[in-house]
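**Q**
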Amino acid sequence: MTEELQDRERRWQERWRADALGVAKAQPGRPKFSLVFAYPGTSGFMHVGHMRGYTFADMIARYHRMKGEEVFFPAGTHASGLPSVVFSGKVAKRDPDTIETLRQWGADDATLSTLEDPTHAAHFLAGTYWTVWERFGLLMDRTADVATIDPDYQQFIRWQFLRLQKLGHLVQKPYFASVCPRSGPVSVDPSETDLDRGGNAEIVTYTALPFRLPDGRFLLCATLRPETVYGVTNLWVAPGSTLREWTHGGRTYLATEEGAQKLLDQVGGEKGGTVAASSLVQALAEAPLTGEKVPVLESRLVDPQVGTGVVMSVPAHAPADWVALQEAPPEVRDPLLARAKVLLELPEASLAPSERELFKGEGPPAARAVRSIGVRDLADTEKLQEATERVYRAEHAHGVMTVLGHEGEGVEKARVRVAATATERAGALEVREFSEPVICRCGEKIIIKRVPDQWFLAYGNPEWKSRVKAHLAHMKIYPPEYAAELPGILDWFEDRPAVRQGKWLGTPFPLDTRWIIEPIADSTFYPAYYVVRRFVSSKRLSVEQLTPEFFDRVFAGEGDGESSVPTALMDEVRRDFLYFYPLDLNLGGKEHKRVHFPPFVYNHVALLPPDLRPKGILVYWWITGHKAKLSKKDVKGGAVPSVDRALETWGADGMRLYYAIASTSSQDVEWDEGTCARAGDRAQEVLRLLQSLLVPGTSWEIPPLDLTSHADRWFSSTMAQAVLRVREAYEANDLRGAAETSFVEVPAMLRKYRARGGENAVLLQAAGSLWVRLVSPITPHLAEEAASGRAPGLVTGAPFPKGDELQSFPEAVAREEMIDRLEEDIASLLKAWKSPVSDLRVFVAAKWKGVAESALRSALKAGTAPDLGSVMKALRSIDALKPHLGEVPAWLKLYDLREMAAAAAASSTEPVPLLSPGEELSTWRASAPYLSSKFGLKGVDVHPEEDAGAADPKGRRHRARPGRPALFLTEGPSS
RNA sequence: GCUGGCGUAGCAAAGUUUGGCCAAAUGCGACGGACUCAAGAUCCGUUCUCGUAGGAGUUCCCAGGUUCAAAUCCUGGCGCCAGCACCA
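All letters in the first sequence, in the order written, are residues 528 to 1502 by this note's numbering.
#1: Going by alpha carbons, who is nearest to V965 out of V838, V859, V715 and N1113?
#2: So does the stretch 593-610 actually touch the stretch 1022-1032, counting three or more Cβ pairs closer than 8 Å?
#3: For Q1072, write down the residues that DSSP places opposite it in a beta bridge.
#4: State the Cα-Cα distance for the pair G1390 and L1383, rounded to the nearest angstrom.
#5: Quick check on R1486: does DSSP put it in helix, strand or coil?
#6: Measure the CB-CB distance between K570 and C967 and report whether it falls below 8 Å.
#7: What are the partner residues of G1116, as DSSP defines its beta bridges?
#8: What is the DSSP secondary structure of W998, counted as helix, strand or coil?
#9: Span of the alpha helix (DSSP H) holding E597?
#10: Just tell me which of D622, L1038, A1238 and W660 has its CA closest to the CA of G1285.
#11: Can you list, in chain order, the stretches of the beta strand (DSSP E) that have 3 or more residues and sit fully within the stretch 539-572?
#12: Give the secondary structure of M667 by DSSP, where H, G and I count as helix, E and B as strand, and everything else as coil.
#13: If you follow the beta strand (DSSP E) that V1469 is part of, which residue opens it and which one closes it?
#14: Quick one: using the 10 Å Cβ neighbour count with 16 as the cut-off for buried, is C1203 buried or exposed?
#15: Measuring CA to CA, which of L852, S1385 and P1471 is closest to A1401?
#16: If you draw a straight line from the alpha carbon of L999 to that of I1047, how long is it in whole angstroms?
#17: What are the boundary residues of the beta strand (DSSP E) that L781 is part of?
#18: State the Cα-Cα distance for the pair Y581 and S1219, rounded to the nearest angstrom.
#19: If you draw a straight line from the C-alpha of H923 to the C-alpha of V958, how long is it?
#20: Looking at the structure shown, is F1082 part of a helix, part of a strand, or coil, going by DSSP?
#21: Could you spell out where the beta strand (DSSP E) holding E960 opens and where it closes?
#22: Identify, in the order they occur along the chain, each residue of the same chain with its Cβ nearer than 6 Å to the Cβ of G549, setting aside the five sequence neighbours on each side.
#23: Can you name, in chain order, every residue of its own chain whose Cβ lies under 6 Å from the Cβ of E813, other than the five neighbours on each side?
#24: Check whether the stretch 1262-1270 and the stretch 1331-1343 are in contact - that is, three or more C-beta pairs closer than 8 Å.
#25: Does the separation of the CB atoms of S1193 and P1006 fall below 8 Å?
#26: Taking only runs of the beta strand (DSSP E) that begin and end inside the stretch 575-631, which ones reach a length of at least 3 residues, in chain order?
#27: Whose CA, out of Y680, P1471, H574 and A551, lies closest to the CA of L1073?
#28: What number of angstroms, rounded off, separates the C-alpha of T655 from the C-alpha of T641?
#29: Is Q853 helix, strand or coil by DSSP?
#30: Using only the alpha-carbon positions, how far apart do K1142 and M1002 sit?
#31: Tell me whether the beta-carbon of D672 lies closer than 8 Å to the beta-carbon of A602.
#32: Tell me the residue span of the beta strand (DSSP E) that contains N761.
#33: At 4 residues or longer, what runs of the alpha helix (DSSP H) sit wholly inside the stretch 1220-1266?
#34: Check whether the stretch 685-702 and the stretch 771-785 touch, using three or more Cβ-Cβ pairs below 8 Å as the test.
#35: Exposed or buried, which one is G576 when buried takes at least 16 other CB atoms within 10 Å?
#36: Spatial neighbours of R535 within its chain, please: C-beta separation below 7 Å, excluding the five flanking residues on both sides.
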């Protein structure tokens, strides 16, 4: 698209800013609407996918603004945590991609060097976000803009945590954190901002079982299946490996070097001397719980890195142990195999067919699986892996224990019980490990470390949780599927670490400043802070004045407040807060369903009384690349356009319409340039149409119109309905519905009106006045452009139509439906008719049929079952029908009585009002020219059924029903 | 694995909560036509199959079931997507 389009959009954006339309003012007595979107983290540059949710928020805000509400729509940026640190690191390394994009944003060398500082980088990125938002036409209150690393925001967070502590929502307990030995705590997640690889790793918990050696030391075996301790035949160590002593709680244990290190990190204790694993071979170790003595053997099966590097062998249930034993010499193997105990049953009925196949044959489960999968030896790792996983899964899901003391118990339950018993009686320990290696960006291997005094937000606290659940019932949550899902999410919600130690941005924890508040925890109650921030940015409050006492007074209405702030000012801030709160809507992407939204509600519930708690949440889904989340690579690779190119090509309005119309907000939409281009074209078409409707002097007030023609009355009615539908859609945050009605249906109605010969200039102008306001929330620039110079003031500030501006004429709607039905009938006939058709004769139902149909309807309504006998009886009793009783049975066959009865019972609304035969006749006569031109007929003539003079060789006229005339086609060359 | 979501015509997407006016809206694409020097612009029409009378047949992932009636409710299966913990 052209430069002109961009200039035009920019011009309107400047105009809105100049008029401060986005800046909210507390106006007691006037309804308000406060909304936020989950502020973006300052991690990089925005792409077209991000903008979907933000424009949704803007569309909703604009609708409410036009409804006459005082809209508070602030935004900030989330700079806490590692993203900005990583970003500035890329700048420091002069990462080519990053530098290139920064150059496009106009960064010179001097700016680049300042961006090596994470704080500067965060603010710089925030600036680019605002630029993009404004270029997309978002109308927000920038006077409230704040970054989470700003000193005033940090004052606010300090207060929040002191308050949470006072309310008893913070607890201290041990925690196992993922830590890089060099860089400090890191987050292990697939986005891998901190990591080189291993982002998908999960933490698995092993039970470490101590086996007593004759010398009093313990060999520590790590296992994921502690319940199989009852079937241990031997222990495995890696050939040639070295074991390290580790002492803890007065005992000396042996594990590999890596294993001992894990124990040190996670449990404590001390490391001691080394022992060659080979020196233990053939030693007998005493198993915990059972007291059985089992030999230590070497096998290449063991990886010294995994677990404790010592493995217990359960050949009956572990395919790897079974295979490993086969490799041992017969004199070692056979006695051990003889001791391999089967510990559980797999009831045939509970197994899936594939599992039955797996366990076919004889012998212990592990042996069967090895056989049916065809594992050759320990080197056959792929198949061995498969066998292990499948046995593990099947036994976990279906296994029933047969071991003494656990008979009949499910494996899942037995596992937990055995582990607990072993811990209690035999001193078993827990060892945590990643399911795959996790490597830090700095190259170090990430470890799991016990933090003994971690602070948590007590989200698992049942009392707090139940208050949150109770509040959810008062919220409007979109889409409803998420509302249904939320209670389940809360059930699963546990205490969350609230602070961390690391080199990232954030607020020092007020109770212990060695800690920094964790990034999710510092972004839960922030919508409240936007209110205060406006006073800070206008310099009416200083950072030093934002003391806990100040916030207690402003947010909780408690205490005298901060002594350095004038009471009147504090009252003003408090008044603003009470005006703009509660928050009406919080929008966020689907990734927030389990991350941001639950803590958001938790914190509001903790800090505010019921009437100030949030009223709504809207979750939106993403724009995706090829079935995957959009990434920077997609933008780089050209699979998705950059923000600049998108705006150049389709304009802000084109993009906004695309976002709204491409799919429901609660569904991912795969990026498709074609769809986007069509949205842009459609926007242009709507602009053209609007410009043709709106003439100078158009008013927002629609004067009463004198509408007499059918087309006018129909168009007026249908336009009024469209307004109502759009309103309803916006009220339900159904942006797609609103877009569809206002951008697809309304133009279609307009086309139809014009095709019907509609040309009432006053009506068209009124329709334009309404329509331009309907489209304004979605495509605001276009709306302004269309109304510019033709209507008073900005559309953005104009009142949103209510739906009562245009008069509705039910009979005109009914008549139009009647015509549509006739068109369908004619089309259907013509379709089946192969030879040329010249004329159409229309027979309007005889007068008595109208009487009869009314009677029929009421007869069906009164009785439930369509009983032909009683219907006839009712009809017979009507005087007007007496002369036609002979024709009644044939007429009655035209109706599907059963269907009519069901329809009448189901709908409370009156059936379409019947027109009198005279009215019907005139309707058809008036439509005749339209119909003949539409279907290319030479002539269309209309007769009453009673008109004996009209030729009707096939006797079609009897088919006529009120509102649905009989048709007779004449063969002949068409015109 | 656990939790949640989804599966509708060539494609996208309504409809499913509250079974029946559902051969299934709407948009795109395709095809035909009109207008044009020409169109990627606009307008009209067709787009599951059959039909010389306004209708019939077969469809809404698959297989069963409930019902007078199922895209819609129930059971089972298959397939796809997301989240799974400190990452906003």
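Note that the Cβ used here is the ideal one computed from N, Cα and C, for glycine as well.
**A** On the basis of the supplied data:
#1: Start at 1 with the first residue of the first sequence, and residue 965 comes out as number 438. For the residues V838, V859, V715 and N1113, the minimum Cα distance to V965 belongs to V715.
#2: Here the stretch 593-610 makes contact with the stretch 1022-1032; the two share three or more CB pairs at distances below 8 Å.
#3: Taking the first residue of the first sequence as 1, we reach residue 1072 at position 545. Residue pairing by DSSP places Q1072 opposite no residue, since no beta bridge is assigned to it.
#4: Residue numbering aside, residue 1390 sits at position 863 when the first sequence is read from its first letter. Residue numbering aside, residue 1383 sits at position 856 when the first sequence is read from its first letter. Because G1390 carries a pLDDT of 48, less than 50, the predicted location of this residue cannot be relied on, and the following value inherits that uncertainty. Approximately 11 Å between the Cα atoms of the pair.
#5: Working through the first sequence from its first residue, we reach residue 1486 at position 959. DSSP, read as helix, strand or coil, puts R1486 in helix.
#6: Within the first sequence, numbered from 1, the residue matching residue 570 stands at position 43. Within the first sequence, numbered from 1, the residue matching residue 967 stands at position 440. The amino acid occupying residue 570 in the given sequence is Ser; Lys does not appear at that position. Cβ distance not < 8 Å, so S570 and C967 don't count as in contact.
#7: Translated into the one-based positions of the first sequence, residue 1116 becomes position 589. BP columns for G1116 point to Y1147.
#8: Counted from its first residue, the first sequence places residue 998 at position 471. Correcting the residue identity first, residue 998 is His in this sequence and not Trp. H998: helix per DSSP, three-state reduction.
#9: The residue you call residue 597 lines up with position 70 of the first sequence. Where E597 is concerned, there is no enclosing alpha helix (DSSP H), although the beta strand (DSSP E) it sits in stretches over E597 to F599.
#10: Along the first sequence, read from residue 1 onward, the residue named residue 1285 stands at position 758. Closest option to G1285, Cα to Cα, is A1238.
#11: 559-564
#12: Here residue 667 refers to the residue found at position 140 when the first sequence is read from its first residue. In this structure, M667 counts as coil in the three-state DSSP scheme.
#13: As a working mapping, residue 1469 is identified with position 942 in the first sequence. Per DSSP, V1469 belongs to the beta strand (DSSP E) from G1466 to P1471.
#14: Mapped onto the first sequence, residue 1203 falls at position 676. By the 10 Å Cβ count, C1203 comes out buried.
#15: Numbered from 1 along the first sequence, position 874 holds the residue referred to as residue 1401. Per the Cα distances, S1385.
#16: Numbered from its first residue, the first sequence carries residue 999 at position 472. Numbered from its first residue, the first sequence carries residue 1047 at position 520. In a straight line, the C-alpha of L999 is about 20 Å away from that of I1047.
#17: Mapped onto the first sequence, residue 781 falls at position 254. It spans R778 to T783 - the beta strand (DSSP E) in which L781 sits, taken as one unbroken run.
#18: Taking the first residue of the first sequence as position 1, residue 581 is located at position 54. Taking the first residue of the first sequence as position 1, residue 1219 is located at position 692. The alpha-carbon atoms of Y581 and S1219 are separated by roughly 31 Å.
#19: For the purposes of this step, residue 923 is identified with residue 396 of the first sequence, where counting begins at 1. For the purposes of this step, residue 958 is identified with residue 431 of the first sequence, where counting begins at 1. For H923 and V958, the distance between alpha carbons rounds to 20 Å.
#20: Looking up residue 1082 in the first sequence gives position 555. In this structure, F1082 counts as helix in the three-state DSSP scheme.
#21: Counting from one through the first sequence, the residue named residue 960 turns up at place 433. First-last of the beta strand (DSSP E) with E960: L956 to F961.
#22: Position 22 of the first sequence, counted from the start, is the residue given in the question as residue 549. Closer than 6 Å at the Cβ level, and outside the excluded window around G549, lie L666, M667 and D668.
#23: What you label residue 813 is simply residue 286 of the first sequence in a count that begins at 1. By the criterion of a C-beta distance shorter than 6 Å, E813 is surrounded in its chain by R739 and K820, once the five residues flanking it on both sides are discounted.
#24: no
#25: As a first step, residue 1193 must be located in the first sequence, where it is residue number 666. As a first step, residue 1006 must be located in the first sequence, where it is residue number 479. Yes, Cβ-Cβ distance for S1193 and P1006 is below 8 Å.
#26: 597-599
#27: What you label residue 1073 is simply residue 546 of the first sequence in a count that begins at 1. Nearest option by C-alpha distance: Y680.
#28: Taking the first residue of the first sequence as position 1, residue 655 is located at position 128. Taking the first residue of the first sequence as position 1, residue 641 is located at position 114. The alpha-carbon atoms of T655 and T641 are separated by roughly 16 Å.
#29: Here the question's residue 853 lines up with position 326 in the first sequence. Correct three-state label for Q853: helix.
#30: Within the first sequence, residue 1142 is the residue found at index 615, counting from 1. Within the first sequence, residue 1002 is the residue found at index 475, counting from 1. Cα to Cα, the separation comes out at about 5 Å.
#31: If you number the first sequence from 1, residue 672 lands on position 145. If you number the first sequence from 1, residue 602 lands on position 75. It is a contact, given that the beta carbons lie within the stated cut-off.
#32: Stepping through the first sequence from its first residue, residue 761 is reached at position 234. N761 to V764 is the extent of the beta strand (DSSP E) around N761.
#33: 1237-1258
#34: The way I'd put it, the stretch 685-702 doesn't touch the stretch 771-785; fewer than three beta-carbon pairs between them come closer than 8 Å.
#35: Within the first sequence, the letter at position 49 stands for residue 576. Under this definition G576 is a buried residue.
#36: By 1-based counting over the first sequence, the position of residue 535 is 8. By the criterion of a C-beta distance shorter than 7 Å, R535 is surrounded in its chain by H1308 and E1312, once the five residues flanking it on both sides are discounted.
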